[in-house]
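Student: Okay, handing you the structure first.
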Amino acid sequence: MTQRTIRAARSAAEAVASLPSLALRGELSRRTRARFTLMIAALGPVLAVVTGVALSGGDRGPVRQEVLRGVFLLDLVYILVIAGLVAWRVAALISARRARSAGSRLHLRLTGVFAAMALAPTILVAVFATLTVSFGIEGWFSNQIGSVVRNSLEVAESYEEEHRLRIRAEALAMANDLAGEAARMIDDAQLGDMLRAQAYLREIPEAYIFDGSMELRARGEFSYLFNFTPPTPEQMARAREGQVVVISDESQSEVRALVALRGFVDYYLYVGRNVDGAVLRLLDETQDTVRLYEQLEGQRNSILLEFAMLYVGFALVVTMAAIWAGLYFAERLARPIGRLAGAAERVGAGDLDVRVREERGDDEIAVLARIFNRMTEQVKAQRDALVAVNQETERRRRFSSTVLAGVTAGVARLDAEGRVELLNEAGARMLGVTPAEAAGRPLAEVAPMFATLLQQARERRGGQTTERTHGRVDGTERDFLARVSRIAPEGDAEIFVLTFDDLTELVTAQRMAAWGDIARRIAHEIKNPLTPIQLSAERLKKKFSDGLVGRDRERFDSYADMIVRQAGDIRRMVDEFSRFARMPAPELAPDDLAGICSEAVLLQAEAGGPVAFSIEGAETPLPLRCDRTMLGQALTNLLKNAGEAVEARLAQHPQPPGRVVLQLRRDAETAEIRVIDNGVGLPETGRARLMEPYVTTREKGTGLGLAIVKKIAEEHGGAFALEDAPLDPSAPPDASRGGGAREGPRGAMAVIRLPLAGKAPVARPEQQTPAKPGAPETEAGGPRHG
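The sequence shown maps to residues 6 to 791 in the working numbering.
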């Protein structure tokens, strides 16, 4: 184990020791690349200078041609190599740009700028050089120069032609003269005398006569054989054909003429005259110059093309070298900035462990890299501290949220302006909103019933302020007990903590308990004397009625009947009190809710009257564990109250016809019974108390009907609610309301929700999470009857 530890430590030490060497090798590699780049860039101008020197030499020999060929080959190889390198670097830049690599955009832009800086002067020089060469060549081949050259040639040729024509004319004249004397000449001596005379008369220095075998027959006085240049066979053949052959001898500065002599057999006259040799040499030079000029003029486009190719090659060498150097400097500038941009992007993504390579030197980019690394270290340290604080804050927030979610009381945090910053779920249910809807809104909008309490807490400047208040939530009056505590943290704005409880159910339960106790006492105290009173009234009527006659008997019977009837009414009220006070626990058993509802509706419909009773949704059985008797009693109470409400409305508004509909619905969890009427409807205020005992709007009502219905529903694990009935589309518009509302009251709807077998009890209306704004109503209401 010890040896293994030693080997591991040694390996780690070697790895750590190798890090500087790796960094050194990387630094050497970067230096080598930089030197190679600079060497390639510097080679371009060197080759350009060498090419210019090679082209400027005047020697046109084969050695110079080989040197030029070698220089051009080096230029071509350099252009191909550096063009390949530039293309490779540019392709890498474009690939990095498409991959959105950090710094690639700046690198590409800098490369474009350096390339433009290299190309712009090259293009300008190319334009001016092309114009200069073009204008220069055009000057060479202008009409004036061409005319001068051609005129010079014409002058020289005219001079030569003049001598040629003269010698030709003289040769023909001499030949004609000799031919005319041919018959009188006996021998060649006479022919020679004639020839010398003709030469003397015409001032011809050289004159010869020879035969076809080139044998001399006669010659002039100053014609010497050492100056004699015989004609060629071709010239002799032309002379035989009768032509006058004119021969120019530039070497001896002479013009000669050869002509056959008529009248002689195969004799030829050969005369010559001296001309100015300088003129002949100038003539030859002029002809050579004209030929060269015409040759150059014909090759003008090729000369321009060769110059353009030469300049393009020269420009390519210099431009490629400049672009390569520009790529190097662009990389030197863009690569560190790209690394900084990539590192900044990673920092923005949350990676604070990133570091950039610090360049050597004290330039701005190197300093920026060092500052960036220090900044990331500081940000990482601050981020770690902030994360630790946030984690602690989050733990506290979760603890507070758990506590707030677990309490049944409503808790709200308010800022100094009275806006809701936090509201727990229990408080949101009590106020009929969601926590998200309440956040940021003033307390006066979310819960106006607490606005006065908040104002009192502000005025007290400390401690707690407690108040029992009430307000409407979703159209229902609710009782609340609220407390406001003012908190002013040191250095921060003050905040308020509002806690409140919904006392509505507690108050209702207390009232129910109190009324139950009162009902038991009333039933006990009143029920005992009722029977003797009723029996005594009946016995008085039976015993004394026969002894009275006329109006006295009639009055006596009326009084006795009134006592009996009122005693019966009191007995029924006492029985109702007794039933409410002694409501038995339901005996649940499997039953058909649809059958129970149909039976209750049938009983009311058979009773007759102006109200039409109907049922919907009871076509199929609906199994349910319930107490048939208690549910039947609840439905009978609701249908009876609904019918009485409709009759009360018909007395004031005969139209539309009165009707009561019992709707039976079900879903996966509950069964719902709706009793809907088009009667007088619910009051605008105090609706929540309609289900409390002894609260009624009818003159003869006891106020126990809806309380009994609610108690039966809750005993079955269900809920009971009241609300306005849906609008009756068959009712005619009420003109007094602008035609938009229906005539008469809207009506009421009572809803009983019961859990199906094996399902959880139905939540009461005040326990349900409030619906979102605009959501359809799911709670039902009930009639305003007792």
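The beta-carbon is built from N, C-alpha and C at its ideal position, and this holds for glycine as well.
(1) Evaluate proline 235 with the Cβ neighbour count: other Cβ atoms within 10 Å of its Cβ, from every protein chain shown; 16 or more gives buried, anything less gives exposed.
(2) May I ask you to verify whether the segment 112-125 touches the segment 337-348, counting CB pairs closer than 8 Å and requiring at least 3?
(3) Let me confirm a value: tyrosine 273 is counted as buried when at least 16 other C-beta atoms fall within 10 Å, else exposed. Which label applies?
(4) Which runs of the alpha helix (DSSP H) at least 4 residues long sit entirely within the segment 392-477? Give them in chain order.
(5) Given a threshold of 16 other Cβ atoms within 10 Å of its Cβ, counted over all protein chains shown, does alanine 96 qualify as buried or as exposed?
(6) Leaving out five residues before and five after serine 735 in sequence, what residues of the same chain have Cβ atoms less than 8 Å from its Cβ?
(7) Answer with buried or exposed for aspartate 506, where buried requires no fewer than 16 other C-beta atoms within 10 angstroms of its C-beta.
(8) In the DSSP assignment, what residue or residues form a beta bridge with proline 615?
(9) Which residues share a DSSP beta bridge with glutamine 248?
(10) Please list, in chain order, all residues of the same chain as leucine 759 whose beta carbon is under 6 Å from its beta carbon, the five residues on each side excluded.
(11) I'd like to know whether the C-beta atoms of valine 249 and arginine 173 end up nearer to each other than 8 Å.
(12) What would DSSP say about proline 628, mapped onto helix, strand or coil?
(13) Under 7 Å Cβ to Cβ from alanine 493, same chain only, skipping five residues before and after it: list those, please.
(14) Buried or exposed, going by whether 16 or more other CB atoms sit within 10 Å of the CB of glutamate 32?
(15) Are alanine 762 and proline 591 touching if we call contact CB-CB under 8 Å?
(16) Need the endpoints of the beta strand (DSSP E) that glutamine 668 sits in, please.
(17) Going by the CB atoms, is the gap between glycine 423 and glutamine 453 shorter than 8 Å?
(18) Output needed for glycine 185: all residues of its chain with C-beta closer than 7 Å, excluding positions within five of it in sequence on either side, in chain order.
(19) Between which residues of its own chain and glycine 779 is the CB-CB distance below 8 Å, once the five residues before and five after are set aside?
(20) Could you tell me whether the Cβ atoms of valine 264 and alanine 176 are closer together than 8 Å?
(21) Please state the DSSP three-state secondary structure of serine 550.
(22) Quick check on DSSP: helix, strand or coil for arginine 362?
(23) Indicate the three-state DSSP secondary structure (helix, strand or coil) for threonine 237 in the structure shown.
(24) Helix, strand or coil, according to DSSP, for arginine 337 in the structure here?
(25) Please name the residue or residues paired with proline 279 in a DSSP beta bridge.
(26) Give the straight-line distance between the Cα atoms of cysteine 818 and phenylalanine 725, rounded to the nearest whole angstrom.
(27) Using the beta-carbon count (16 or more within 10 Å), is alanine 262 buried or exposed?
(28) Rounding to the nearest angstrom, what Cα-Cα distance links serine 563 and threonine 641 in this structure?
(29) Does the beta carbon of arginine 375 sit closer than 8 Å to a beta carbon anywhere in chain D?
(30) So, with DSSP's three-state summary, where would you put glutamate 536?
(31) Taking glycine 355 as the reference, which of Arg388, Arg491 and Ala92 has the closest Cα?
(32) Compare the C-alpha of leucine 667 against each of Gln539, Asn683, Asn181 and Ala656 and name the closest.
(33) So, helix, strand or coil for leucine 511, using DSSP?
(34) Can you give the Cα-Cα distance for arginine 189 and arginine 201, rounded to whole angstroms?
(35) Should leucine 535 and alanine 572 be called a contact, given that it needs their Cβ atoms to be closer than 8 Å?
(36) Which residue or residues does DSSP assign as beta-bridge partners of phenylalanine 725?
Tutor: Taking the geometry as given:
(1) Residue mapping note: residue 235 aligns to position 230 of the sequence shown, counting from 1. Proline 235 comes out exposed.
(2) yes
(3) The sequence position of residue 273 within the sequence shown is 268, counting from 1. Tyrosine 273 comes out buried.
(4) 430-436, 440-443, 448-451 and 456-465
(5) Residue 96 sits at position 91 when you count from the first residue of the sequence shown. Exposed, by the Cβ-count rule.
(6) Position 730 of the sequence shown, counted from the first residue, corresponds to residue 735. Because serine 735 carries a pLDDT of 46, less than 50, the predicted location of this residue cannot be relied on, and the following value inherits that uncertainty. Hits under 8 Å: Pro661.
(7) Within the sequence shown, the letter at position 501 stands for residue 506. With 16 or more Cβ atoms within 10 Å of its Cβ, aspartate 506 is classed as buried.
(8) Stepping through the sequence shown from its first residue, residue 615 is reached at position 610. Paired residues: none, contrary to the question.
(9) As a position in the sequence shown, residue 248 is number 243, starting the count at 1. Its beta-bridge partners do not exist; DSSP assigns none.
(10) Here residue 759 is taken as the residue at index 754 of the sequence shown, counted from 1. Cβ within range, chain order: Ala676, His721 and Gly723.
(11) For this step, residue 249 is matched to residue 244 along the sequence shown. For this step, residue 173 is matched to residue 168 along the sequence shown. In contact: valine 249 and arginine 173 (Cβ atoms closer than 8 Å).
(12) Taking the first residue of the sequence shown as position 1, residue 628 is located at position 623. Strand at proline 628.
(13) For this step, residue 493 is matched to residue 488 along the sequence shown. The answer, listed in chain order, is Glu499.
(14) The residue given as residue 32 occupies position 27 in the sequence shown. Any reading at glutamate 32 needs caution, since the residue's pLDDT is 46, under 50, leaving its predicted position unreliable; the model's value is listed next. So glutamate 32 ends up on the exposed side.
(15) Residue numbering aside, residue 762 sits at position 757 when the sequence shown is read from its first letter. Residue numbering aside, residue 591 sits at position 586 when the sequence shown is read from its first letter. Their beta carbons are not under 8 Å apart, which means alanine 762 does not touch proline 591 by this criterion.
(16) One-based indexing of the sequence shown puts residue 668 at position 663. Per DSSP, glutamine 668 belongs to the beta strand (DSSP E) from 664-671.
(17) The count along the sequence shown starts at 1 and reaches residue 453 at position 448. The count along the sequence shown starts at 1 and reaches residue 423 at position 418. The residue asked about is misnamed: residue 453 is proline in this sequence, not glutamine. Contact flag unset, no.
(18) To locate residue 185, count along the sequence shown from 1; it is residue 180. For glycine 185, where only same-chain residues beyond five positions count, there are no Cβ hits under 7 Å.
(19) The residue given as residue 779 occupies position 774 in the sequence shown. With a pLDDT of 37 at glycine 779, under the threshold of 50, the modelled position of that residue is not reliable, and the figure given next carries that caveat. Within the same chain, glycine 779 has no close Cβ partners at all.
(20) Taking the first residue of the sequence shown as 1, we reach residue 264 at position 259. Taking the first residue of the sequence shown as 1, we reach residue 176 at position 171. Closer than 8 Å, so yes.
(21) Start at 1 with the first residue of the sequence shown, and residue 550 comes out as number 545. The answer is coil: DSSP assigns serine 550 none of H, G, I, E or B.
(22) Sequence index remark: in the sequence shown, residue 362 carries index 357 (1-based). DSSP places arginine 362 in coil when its eight states are reduced to three.
(23) Numbered from 1 along the sequence shown, position 232 holds the residue referred to as residue 237. Here threonine 237 sits in coil by DSSP.
(24) Residue numbering aside, residue 337 sits at position 332 when the sequence shown is read from its first letter. It is helical.
(25) Position 274 of the sequence shown, counted from the start, is the residue given in the question as residue 279. In the sequence under discussion, the amino acid at residue 279 is asparagine, which differs from the proline named in the question. Answer is Glu259, bridged to asparagine 279.
(26) With the chain covering only 6 through 791, there is no way to say anything about residue 818.
(27) For the purposes of this step, residue 262 is identified with residue 257 of the sequence shown, where counting begins at 1. Burial call: buried.
(28) Locating residue 563 in the sequence shown gives position 558, where the first residue counts as 1. Locating residue 641 in the sequence shown gives position 636, where the first residue counts as 1. If I take the Cα positions, the gap works out to 33 Å.
(29) The structure shown has no chain D; it contains just one protein chain.
(30) Counting from 1 along the sequence shown, the entry for residue 536 is found at position 531. Looking at the sequence itself, residue 536 is threonine, so the reference to glutamate does not match. Of the three classes helix, strand and coil, the one that applies to threonine 536 here is helix, per DSSP.
(31) The residue labelled residue 355 in the question sits at position 350 within the sequence shown. Nearest of Arg388, Arg491 and Ala92 to glycine 355, Cα basis: Arg388.
(32) The sequence position of residue 667 within the sequence shown is 662, counting from 1. Looking at the Cα atoms, Asn683 is the closest of the given residues.
(33) Residue mapping note: residue 511 aligns to position 506 of the sequence shown, counting from 1. Helix.
(34) For this step, residue 189 is matched to residue 184 along the sequence shown. For this step, residue 201 is matched to residue 196 along the sequence shown. Taking the straight line joining both Cα atoms gives about 17 Å.
(35) Within the sequence shown, the letter at position 530 stands for residue 535. Within the sequence shown, the letter at position 567 stands for residue 572. In contact: leucine 535 and alanine 572 (Cβ atoms closer than 8 Å).
(36) Taking the first residue of the sequence shown as 1, we reach residue 725 at position 720. For phenylalanine 725, which the question treats as bridged, DSSP gives the partners Ile757.
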